[in-house]
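**Student:**
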Amino acid sequence: MLDLNSLQLVQALAHSGSFTAAAERLGCSKTKISLQIKELEQQLGVALFRRTTRQVSLTSAGEQLVAQCLPLYTQLQRELLQLQQQDSVLSGKLVLTAPEDYANQILLPVLLEFSQLHPALDIELRSSDQVRDLVREGIDLAIRGGWLRDSSLKAHKLGDFGQWLLATPQYLAQHAPITEPADLTAHPLIAFNQLRTPLNWRFSHADQQLDLQFRSRFTVSSTASIQALLLQHAGLGILTDYTARPLLASGQLVHLLPQWQLPAGGIYAVYPPGSHRPLKVRRFVELLQKRLQC
């Protein structure tokens with residue numbers, strides 16, 4: 000059987016280009032590397048390197064090994080490391096981003112519980128309705144709502160949310176009544192500029208669909224601003240169901256035309272590119288999924 004540890008030597012030799020540099024990189028002797036590479040070549044029945052007095056370079060077989068087999072070896076090392084870490088103490092820093100309303104209503108209690116379970120771990124939450132660059136900003140995990148656009152990112156769905164059209168009782172008492180969708184165009188909508196078409200909405204009821212274009216006096220970049228303007232009786236606004244429920248229960252807002260549904264959205268755990276997910280990220284997502292199912 001092949002000694003898979005020899006692949007680490009191939010990797011070091013391919014990157015360094017000489018036995019001396021590879022030996023320094025791995026902290027072993029040139030003779031050991033040379034003998035193990037030679038043994039691997041004999042087992043495979045192909046030459047992996049061209050050797051000269053000055054340089055070592057890959058043959059075509061060596062290039063194929065590096066391109067196709069070394070990534071699998073690296074992934075195997077990661078998986079074995081994750082198995083070793085199953086019962087390890089989580090430490091370091093976990094950096095997350097999430098929409099403001101979801102962070103405040105759903106995420107913060109779970110983060111507090113996670114922090115209590117793992118006191119050696121520091122947690123940084125960057126709540127924002129803007130889409131952050133996970134790689135450039137060093138973010139471990141993003142919780143995003145709506146419809147994902149960037150196909151290069153890895154994601155899986157955590158759940159769904161509804162979108163509700165809302166207004167205050169005071170606003171409704173002072174303006175034209177709303178009894179059907181056609182009445183809505185007489186009212187201003189607080190627009191959310193993070194959407195592609197913030198003033199165009201499709202309403203559905205049974206097998207009926209109706210597309211409406213609203214007008215707006217206010218355009219904002221956060222759901223917190225939508226909520227604040229709604230409560231100041233500035234017009235109609237659309238919030239997620241989890242944000243709206245406590246405001247409806249307190250009588251501060253009214254759900255308009257509840258028999259007509261707006262498009263539902265999804266809540267996603269989004270990861271930076273690459274197949275490796277740190278243990279701290281996997282453990283947090285597991286806890287979040289568990290609490291969302293309660």
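Numbering (numbering that gives the first Met the number 0), first residue to last: 0 to 293.
For glycine and all other residues, C-beta sits at the position ideal for the given N, C-alpha and C.
List, from N- to C-terminal side, the beta strand (DSSP E) runs of 3 residues or more that fit wholly inside the stretch 166-232.
**Tutor:** Segments of the beta strand (DSSP E) lying fully in the stretch 166-232: 199-204 and 207-212.
**Student:** My assumption, with CB atoms under 8 Å, is that L198 sits in contact with Q212. Please give the rounded CB distance.
**Tutor:** As a first step, residue 198 is located in the sequence shown; it is residue number 199 there, counting from the start. As a first step, residue 212 is located in the sequence shown; it is residue number 213 there, counting from the start. Correct: roughly 6 Å between the Cβ atoms.
**Student:** I need the straight-line Cα distance from R131 to F18, nearest angstrom please.
**Tutor:** Counting from 1 along the sequence shown, the entry for residue 131 is found at position 132. Counting from 1 along the sequence shown, the entry for residue 18 is found at position 19. Computed Cα separation, rounded: 44 Å.
**Student:** Tell me whether G26 is buried or exposed, calling it buried when 16 or more other Cβ atoms sit within 10 Å of its Cβ.
**Tutor:** Along the sequence shown, read from residue 1 onward, the residue named residue 26 stands at position 27. The residue in question, G26, is exposed, as its Cβ has fewer than 16 Cβ neighbours within 10 Å.
**Student:** What are the boundary residues of the alpha helix (DSSP H) that I105 is part of?
**Tutor:** Along the sequence shown, read from residue 1 onward, the residue named residue 105 stands at position 106. Per DSSP, I105 belongs to no alpha helix (DSSP H) and is neither H nor E.
**Student:** Just reading off the beta strand (DSSP E) that I237 is part of, what are its end residues?
**Tutor:** By 1-based counting over the sequence shown, the position of residue 237 is 238. First-last of the beta strand (DSSP E) with I237: G236 to T239.
**Student:** Using CA atoms only, rank isn't needed, just tell me which of I237, R282, K289 and P277 is closest to L80.
**Tutor:** Residue 80 sits at position 81 when you count from the first residue of the sequence shown. Checked all of I237, R282, K289 and P277; the closest Cα to L80 is P277.
**Student:** Kindly indicate which three-state DSSP category L291 falls into: helix, strand or coil?
**Tutor:** Residue 291 sits at position 292 when you count from the first residue of the sequence shown. L291 carries a helical assignment under DSSP once its states are collapsed to helix, strand and coil.
**Student:** Quick check: the Cα distance between V109 and L291, rounded to an integer number of angstroms?
**Tutor:** Along the sequence shown, read from residue 1 onward, the residue named residue 109 stands at position 110. Along the sequence shown, read from residue 1 onward, the residue named residue 291 stands at position 292. Just so you know, the alpha carbons of V109 and L291 end up roughly 10 Å apart.
**Student:** If distances are taken between C-alpha atoms only, which option among V253, T167 and V9 comes closest to H232?
**Tutor:** What you label residue 232 is simply residue 233 of the sequence shown in a count that begins at 1. When only C-alpha atoms are compared, the closest one is T167.
**Student:** Go to R24, then tell me how far its alpha helix (DSSP H) extends in each direction, as first and last residue.
**Tutor:** On the sequence shown, position 25 is the one that residue 24 refers to. Element bounds for R24: F18 to L25.
**Student:** In chain order, what residues of the same chain lie with their CB nearer than 7 Å to the CB of L89, ignoring the 5 residues before and after it?
**Tutor:** Against the sequence shown, residue 89 aligns to sequence position 90. Taken in chain order, the residues that qualify are H117, A119, L120, L278, K279 and R282.
**Student:** Would you mind sorting T242 into buried or exposed? The rule is 16 or more other CB atoms within 10 Å of its CB.
**Tutor:** If you number the sequence shown from 1, residue 242 lands on position 243. Burial call: buried.
**Student:** So the alpha helix (DSSP H) S296 belongs to, where does it begin and stop?
**Tutor:** Nothing about residue 296 can be reported from this structure: the residues present for the chain run from 0 to 293 only.
**Student:** Suppose contacts are defined by Cβ-Cβ distances below 8 Å. Is D210 in contact with R201 by that definition?
**Tutor:** Residue 210 sits at position 211 when you count from the first residue of the sequence shown. Residue 201 sits at position 202 when you count from the first residue of the sequence shown. Yes, Cβ-Cβ distance for D210 and R201 is below 8 Å.
**Student:** Name the two residues that bound the continuous alpha helix (DSSP H) containing A154.
**Tutor:** As a working note, residue 154 is residue 155 in the sequence shown. From DSSP, A154 is part of no alpha helix (DSSP H) but of the beta strand (DSSP E) over K153 to F160.
**Student:** Do you know whose CA, among C293, L256 and P271, lies nearest I142's CA?
**Tutor:** Position 143 of the sequence shown, counted from the start, is the residue given in the question as residue 142. Nearest of C293, L256 and P271 to I142, Cα basis: P271.
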